[in-house]
Amino acid sequence: MRKSLPVFFALWCLSATAEAVDWIYDADIGGFGNVTFSATLGTSDSNGSWYYLDGQGERVYIRDSYSESDTFSIGSTDLASNINLTLDTDLTCAGFNFTSSASGIVNVLGASNSIKLTVNGDLINGTTAQVSSRLKNLNVYVSGDFNPGKFWNGIENASKVYVGGDIDGNNTQPHFGASLEGSDISNPDMVVDGIMKNSVWSSFTGYAKDVYYQVGGFSNMGLIRVFNSSNENCTTNFVFANASGTNYASANNSNLVEVYGHGSNDKKISVNPLNRSRARIIMNGASDSVQTFGYASNGGSGSEMIFSGGVVVNSGTLRIKFAQTASAYTFNATYKKDSADAAATYVVTYWDSPEQSAAQTSFSHGNLEINAGTFSSLEGDSEYTFGAFRFTNIIYKGGKIALRISSSENVNDSIDLTSYYMREVNAADESLVYYTKEDGGTVKLADGAAAGTKVTFEFSGDILGWLLDYEDGSFDINGGKGAKIVSWDAENKTALLASDFAGNIITQG
1 MRKSLPVFFA LWCLSATAEA VDWIYDADIG GFGNVTFSAT LGTSDSNGSW YYLDGQGERV
61 YIRDSYSESD TFSIGSTDLA SNINLTLDTD LTCAGFNFTS SASGIVNVLG ASNSIKLTVN
121 GDLINGTTAQ VSSRLKNLNV YVSGDFNPGK FWNGIENASK VYVGGDIDGN NTQPHFGASL
181 EGSDISNPDM VVDGIMKNSV WSSFTGYAKD VYYQVGGFSN MGLIRVFNSS NENCTTNFVF
241 ANASGTNYAS ANNSNLVEVY GHGSNDKKIS VNPLNRSRAR IIMNGASDSV QTFGYASNGG
301 SGSEMIFSGG VVVNSGTLRI KFAQTASAYT FNATYKKDSA DAAATYVVTY WDSPEQSAAQ
361 TSFSHGNLEI NAGTFSSLEG DSEYTFGAFR FTNIIYKGGK IALRISSSEN VNDSIDLTSY
421 YMREVNAADE SLVYYTKEDG GTVKLADGAA AGTKVTFEFS GDILGWLLDY EDGSFDINGG
481 KGAKIVSWDA ENKTALLASD FAGNIITQG
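Position 287 of the sequence shown, counting from 1, maps to 287 under my numbering, and the rest follow consecutively.
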């Protein structure tokens, strides 16, 4: 006689298997050291190394059966050794957590860069001990937020990274390196649809290619470090796709630095400084969005923008603190000046001339390309933030350049396109000094600029004192010369005419 299970029992089994659970790694079973994910799943006849707690607090092991609606948590309360969990197959889950409360490193690695970790939820590092957690050699997709927690090493050597929410660094220093699949601004290597905040971003890659990191904004970010060990003169592009109505500012002492060595806060590079890896800022946000680097309340220190890959403004407003500390543009470089020479360490600085009386300066930040939107100095009237920001060329297609002028302080923001000199001093023999001229540029229209395009400036601040024409025809500030807003060398005089420039109308009363 055929027998059947009661209907209520069959339904209970179905609901138990369909309910999402949190799989916890059992290090006592799975072990430490190098562990392969497929081996931890077990089989229908063996437990595997992941369990969840049922209603009675009993462990229920995975037995090669999990759902994409489940979460995974890896760590240990007594983790004394490292765990290197290698994903040898794609993993899709609703959440992934690092949970160790003891010392030891927890790595989740891809068997190859094509292995994909898909988290349809949040990626959380909840470790409470000083555990250097990391993801490495993976294609990472996180639909929610990524919280690196207090102790996070980074996402390294990833082929692609997507985070649909925010990355809140909790004042940590995570490393991010995704550099295999991206190709340009339309296909970034890493995308953060939300914002990056409260963190230090270290971008370390080793591939001889340009990389593109797209973010929805930087808020309260400290140091942003860029390093490419390939030494192939590559560029790391930070693409800001800030949403409509947003206004984000980096931290008061935020620095963007492209010459840091891996894992070091000393500005050191191992190549000729002319061949170092570079960083570029691309403003690509909504038309009413604002991204700011530097605070007007800050004094002369901090907010050093030590990058040379250029600035591109396609939409939105990008504000940068123009006042730069020239001495911050100093680094140590160990390399061969000639292939026949032995490698030596040089102290590299930048000067406005090779003369003894020369003034130290910054290097060029590359070309300023404005296609639309606004490139701006800071708001406010703090005397500490006025300065001359150095570029090589201004290449203009549309938008505006917003600068501040203060007649009360007799200062103004300006853009410096003049030439300068790189000075190398042999650290072992300071009598060996070398100068290399770095050519300046000019102001020009971009290819494809519409007929009648005018390079447009917008001035703000206590400006009327610069413009007031007294009865004797003179100006009372700057010896009657007015405010110099762009400087270039005589041999690079722009081909544009006065009629090719425009500014806003200033009214009084």
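In this text, a Cβ means the ideal position worked out from N, Cα and C, and glycines have one as well.
Spatial neighbours of residue i within its chain, please: C-beta separation below 8 Å, excluding the five flanking residues on both sides.
i	result
L5	Below a pLDDT of 50, predicted positions are generally treated as unreliable, and L5, at 38, falls in that range; no measurement from the model is reported.
T345	N332, A333, T334, N426, A427 and A428
H262	Its pLDDT being 49, under 50, H262 is placed unreliably in this model, and the coordinates cannot settle the point.
D513	No information on residue 513 is available, as it lies outside the stretch 1 to 509 that the chain covers here.
A451	none
A20	S67, S69, D70, T71 and A94
Y421	Y350, W351, D352, S353, P354, A358, Y435, T436, K437 and E438
Looking at the secondary structure, which residues open and close the beta strand (DSSP E) in which residue i lies?
i	result
I24	D22 to Y25
W488	Element bounds for W488: n/a, residue is neither H nor E.
S244	First-last for S244: undefined, no H or E at that position.
K337	No beta strand (DSSP E) holds K337; DSSP gives it neither H nor E.
F501	F501 to G503
I224	L223 to N228
V348	A344 to W351
I74	T71 to I74
S202	W201 to T205
Since residue i is in the alpha helix (DSSP H), which residue starts that stretch and which ends it?
i	result
F37	F37 to T40
Among the residues of its own chain, which have a CB less than 6 Å from the CB of residue i, if the five just before and after it don't count?
i	result
Y141	T118 and Y162
E458	K400, A402 and N504
E181	S159 and K160
V191	Y162 and Q214
E510	With the chain represented from 1 up to 509, any question about residue 510 goes unanswered, as that position is not in the structure.
L123	F96, V142 and F146
I575	Any question about residue 575 goes unanswered here, given that the chain covers just 1 to 509.
G110	L87, N137 and L138
V108	L85 and L135
N233	N275
E491	none
F322	S377, G387, F389 and D413
V290	N247 and T317
T385	A296, K321, A323 and L378
L511	As shown, the chain starts at 1 and ends at 509. That puts residue 511 outside it, with no answer to give.
T292	A249 and R319
V257	R225 and I306
Can you give me the Cβ contacts of residue i inside the same chain, cut-off strictly under 7 Å, excluding the 5 residues immediately before and after it?
i	result
D489	T418, S419 and G440
D500	K454 and V455
A343	T334, Y335 and K336
G126	N97, F98, T99 and G149
S364	S308, R390, F391, T392 and E438
L497	none
S362	Q324, A326, Y329, Y350 and R390
N242	G216, G217, Y248, G285, A286, S289, Q291 and G316
Run through the DSSP bridge pairs and tell me what residue i is partnered with.
i	result
F459	L403
T317	V290 and T374
S279	Sequence check: residue 279 is Ala here, not Ser. DSSP lists T236 as partners of A279.
A249	T292
I212	A small fix is needed here, since residue 212 is Tyr in this sequence, not Ile. According to DSSP, Y212 bridges with N237.
M305	L256
S46	T43
D184	N187
L53	R59
S167	Here residue 167 is Ile; the residue named in the question, Ser, does not match the sequence. Its beta-bridge partners are F146 and M196.
S219	K197
G33	I83
Y162	Y141 and V191
E369	V312 and I395
Q360	W351
N284	S315
Give the C-beta separation of residue i and residue j to the nearest angstrom, bearing in mind that I take them to be a contact with Cβ-Cβ under 8 Å.
i	j	result
G366	F389	Contact flag wrong, Cβ pair sits at about 11 Å.
L318	S377	No, L318 and S377 are not in contact; Cβ-Cβ is about 10 Å, not under 8 Å.
S81	G33	7 Å
S521	N84	The structure shown does not extend to residue 521, since the chain spans only 1 to 509, so no value can be given for it.
G516	G121	The requested residue 516 is not part of the displayed model; the chain covers only 1 to 509.
R404	G461	4 Å
G448	K397	7 Å
S303	G294	3 Å
N284	N237	At roughly 10 Å, the Cβ-Cβ gap does not stay under 8 Å, so N284 and N237 are not in contact.
Quiz item: Where are the beta strand (DSSP E) runs, 3 residues long or more, that stay fully inside the segment 83–146, in chain order?
Solution: As far as the segment 83–146 is concerned, its whole beta strand (DSSP E) runs of at least 3 residues are 83–87, 91–93, 95–98, 106–110, 116–119, 123–125, 133–136 and 139–142.
Exercise. Run through the segment 385–456 for me and flag every whole beta strand (DSSP E) of 3 or more residues, listed as ranges in chain order.
Key: 388–390, 394–396, 400–406, 414–416, 420–426, 433–438 and 443–445
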